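Heads up: the sequence shown runs through residues 1 to 258, numbered per my numbering.
Every residue, glycine too, gets a C-beta built ideally from N, C-alpha and C.
Since the structure is predicted, the reported quantities are computational estimates derived from the model, not experimental observations.
Contents: one structure, followed by commentary.
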Amino acid sequence: MDIELAKKVAISAAKEAGKLVGENFQKTKKMSFKGENDMVTEIDLQSEKIILDAIKVNFPDHNILSEEAGATDNGSKYMWMVDPIDGTVNYYYGLDPYCIGICLLEDGRPILNVLYNPTHDEMYVAQKGKGAFMNEKRITVSDNTDLKNSMVMLNLSRTKGTRTKTLKIVERISDHVRRMRVFGSSLSYMSYISSGKSDAFFDILLKPWDFLPGALLVEEAGGKVTDIKGNEITADSTSVVASNGRVHDQILKLLENI
């Protein structure tokens with residue numbers, strides 16, 4: 001498998017989809033709901049098609065898991081994971097942050113991440129063992145070691161049980177950090193951590209395309225990503241804690257017995 005070709009295809013697809021997404025930012029968009037809570041816009045679907053078409057042309061035998069189109073299983077050890085717009089609600093209302101996320105996994109573990117925010121023209125790229133970059137400049141996580149001086153980000157679910165647990169966590173953690181923020185885009189959180197703009201992010205229930213396209217980025221920038229139990233994340237994980245690595249164990253300790 002040609003990883004350099006994969007990187008080139010992912011970056012090109014993200015840019016092409018990003019042109020469409022950026023041009024329609026803060027414009028009126030048609031939207032619908034998937035299930036009870038999840039919003040999808042016409043631009044999500046068009047962005048997804050651009051990315052999936054590029055993948056299928058260049059890697060027709062690879063598996064694909066995409067937020068809107070679902071799964072295509074070709075029996076390959078390689079899987080592409082796509083979130084055409086992470087932060088759809090923000091995007092629909094004309095708010096930042098949001099981004100496009102693309103991940104390539106080998107045997108369930110990320111080997112390539114590409115995140116793109118068209119509004120700021122920020123392209124984040126990480127390849128296994130090669131470091132993390134934003135617009136081709138090397139990026140690293142913060143050097144903060146004290147949770148009390150940390151900016152921690154999270155999501156608030158509309159699902160009642162998950163929301164109740166998250167609010168309990170907020171109450172538990174809030175006295176131990178400098179600030180907590182809810183911005184509504186998990187992959188954007190990953191880009192902030194990888195570039196040292198924030199120290200940590202957690203979510204107790206989310207889909208793999210909401211974090212795997214940014215997980216390698218954090219790790220290659222010097223950070224750490226696990227589930228809330230401290231286990232290695234895979235395509236089967238449903239929770240995430242991402243951090244600069246230096247405050248990771250402190251956060252996991254506060255998440256015990258949730």
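Thinking C-beta only, is G196 closer than 7 Å to K224? For the purposes of this step, residue 224 is taken as the residue at position 224 of the sequence shown. For the purposes of this step, residue 196 is taken as the residue at position 196 of the sequence shown. Not closer than 7 Å, so no.
Going by beta-carbon coordinates alone, are A14 and V114 separated by less than 7 Å? Taking the sequence shown and counting its residues from 1, the one referred to as residue 14 is at position 14. Taking the sequence shown and counting its residues from 1, the one referred to as residue 114 is at position 114. Going by C-beta atoms, A14 is nearer than 7 Å to V114.
Run the CB neighbour count on S174, radius 10 Å, all protein chains shown included, and call it buried at 16 or more, exposed below. On the sequence shown, residue 174 is found 174 positions in, with the first residue counted as 1. Classification for S174: exposed.
Identity of the residues DSSP links to N117 by a beta bridge: For the purposes of this step, residue 117 is taken as the residue at position 117 of the sequence shown. Answer is E122, bridged to N117.
Buried versus exposed, by CB contacts within 10 Å (16 or more), M1: If you number the sequence shown from 1, residue 1 lands on position 1. It counts as exposed.
How big is the Cα-Cα spacing for S47 and F201? Counting from 1 along the sequence shown, the entry for residue 47 is found at position 47. Counting from 1 along the sequence shown, the entry for residue 201 is found at position 201. Each residue's Cα considered, the two are about 26 Å apart.
Going by DSSP, what residue range makes up the alpha helix (DSSP H) through D249? Here residue 249 refers to the residue found at position 249 of the sequence shown. D249 -> alpha helix (DSSP H) spans 248-254.
Can you find at least 3 beta carbon pairs, one from the region 106-122 and one from the region 136-153, that sit closer than 8 Å? no
By DSSP, does Y98 sit in helix, in strand, or in coil? Reading the sequence shown from its first residue, position 98 is the one you call residue 98. Looking at Y98 - three-state DSSP - the assignment turns out to be coil, as it is neither helix nor strand.
Return yes when the Cβ of D86 is within less than 7 Å of the Cβ of S191, no when it is not. The residue you call residue 191 lines up with position 191 of the sequence shown. The residue you call residue 86 lines up with position 86 of the sequence shown. No. Outside cutoff.
Drop a sphere of 10 angstroms on the beta-carbon of V57, count the other beta-carbons inside from all chains shown, and report buried for 16 or more, exposed for fewer. Against the sequence shown, residue 57 aligns to sequence position 57. The residue in question, V57, is exposed, as its Cβ has fewer than 16 Cβ neighbours within 10 Å.
Residues bridged to N244 (per DSSP): Numbered from 1 along the sequence shown, position 244 holds the residue referred to as residue 244. N244 is not bridged to any residue.
Which residues in the same chain as L156 place their Cβ atom closer than 7 Å to its Cβ, once the five residues preceding and following it in sequence are excluded? Taking the sequence shown and counting its residues from 1, the one referred to as residue 156 is at position 156. Contacts found: R163, T166, V182.
Between the C-alpha atoms of Y78 and G108, what's the straight-line distance to the nearest angstrom? Locating residue 78 in the sequence shown gives position 78, counting from the first residue. Locating residue 108 in the sequence shown gives position 108, counting from the first residue. Approximately 8 Å, taken between the alpha carbons.
Looking at the strands, I want to know which residues DSSP matches up with T226. In the sequence shown, counting from the first residue as 1, residue 226 sits at position 226. Paired residues: E232, V241.
Rounded C-alpha distance that separates L105 from K137: Taking the first residue of the sequence shown as 1, we reach residue 105 at position 105. Taking the first residue of the sequence shown as 1, we reach residue 137 at position 137. Going from the Cα of L105 to the Cα of K137 covers about 24 Å.
What are the uninterrupted segments assigned as alpha helix (DSSP H) that are 4 or more residues long and contained completely in the region 146-219, given in chain order? 160-173, 186-194
When burial is assigned at 16 or more other CB atoms within 10 Å of the CB, is Q127 buried or exposed? Residue 127 sits at position 127 when you count from the first residue of the sequence shown. Q127 comes out buried.
How about A17 and I55: are their beta carbons less than 7 Å apart? As a first step, residue 17 is located in the sequence shown; it is residue number 17 there, counting from the start. As a first step, residue 55 is located in the sequence shown; it is residue number 55 there, counting from the start. Taking 7 Å as the Cβ cut-off, A17 and I55 do not qualify as a contacting pair.
The region 216-234 contacting the region 83-100, beta-carbon criterion three pairs below 8 Å: no
Since I believe V240 is in contact with L206 (beta carbons under 8 Å), could you give me their beta-carbon distance rounded to a whole number of angstroms? Position 206 of the sequence shown, counting from 1, holds the residue named residue 206. Position 240 of the sequence shown, counting from 1, holds the residue named residue 240. Confirmed, about 7 Å.
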